[in-house]
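Peer 1:
In our numbering, the protein residues as written are 561 to 678.
1. Kindly indicate which three-state DSSP category residue 675 falls into: helix, strand or coil?
2. Give the range of the alpha helix (DSSP H) segment to which residue 597 is assigned.
3. Excluding sequence positions up to five away, which residues of its chain have a Cβ less than 8 angstroms from the Cβ of residue 587?
4. State the beta-bridge partners of residue 579 as determined by DSSP.
5. Evaluate the contact criterion for the region 597 to 614 versus the region 627 to 639: three or more CB pairs, one atom per stretch, below 8 angstroms.
6. Take residue 669 and list the residues in its own chain whose beta-carbon comes closer than 8 angstroms to its own, dropping the five residues that flank it on each side.
7. Nearest-angstrom Cα distance between residue 622 and residue 653?
8. Taking only three categories from DSSP, how would you classify residue 589?
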């Protein structure tokens with residue numbers, strides 16, 4: 561009998577998502593763990609894809625360069641607001657969208673200063 565990776569991971573109590581070794585995993589809407597062989601892209605990334613990848617990469621680098629107390633405030637705000645994201649994800653949203661109204665709303669609701677205003 562051939563080993564079923566999805567069954568093996570379920571037995572181990574794991575629910576992998578994304579690429580793991582030579583396989584790609586995801587959870588179907590019915591809760592089943594689906595997997596298939598990872599396939600390389602058929603064409604190179606477009607200039608727009610490269611632009612967006614670089615924007616995410618730069619947002620991540622900017623996060624790591626923030627002072628620890630600033631990162632803690634972003635984490636604290638997401639917890640106080642009971643958001644279903646963490647501080648890093650909120651930071652990436654802010655960095656990519658520059659949606660000041662959303663950040664000001666979170667600041668007002670949590671009484672945590674995220675952006676330094678002049």
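Every residue, glycine too, gets a C-beta built ideally from N, C-alpha and C.
Peer 2: Once the coordinates are examined:
1. Walking along the chain shown from the start, residue 675 turns up at place 115. Residue state, collapsed to three classes: coil.
2. Locating residue 597 in the chain shown gives position 37, counting from the first residue. Unbroken run through residue 597 is the beta strand (DSSP E), 593 to 597; no alpha helix (DSSP H).
3. For the purposes of this step, residue 587 is taken as the residue at position 27 of the chain shown. Taken in chain order, the residues that qualify are 575, 577, 593, 594.
4. The residue you call residue 579 lines up with position 19 of the chain shown. Answer is 584, bridged to residue 579.
5. no
6. Here residue 669 is taken as the residue at index 109 of the chain shown, counted from 1. Excluding positions up to five away in sequence, the list reads 640, 641.
7. Within the chain shown, the letter at position 62 stands for residue 622. Within the chain shown, the letter at position 93 stands for residue 653. Each residue's Cα considered, the two are about 13 angstroms apart.
8. In the chain shown, residue 589 corresponds to position 29, counting from 1. The answer is coil: DSSP assigns residue 589 none of H, G, I, E or B.
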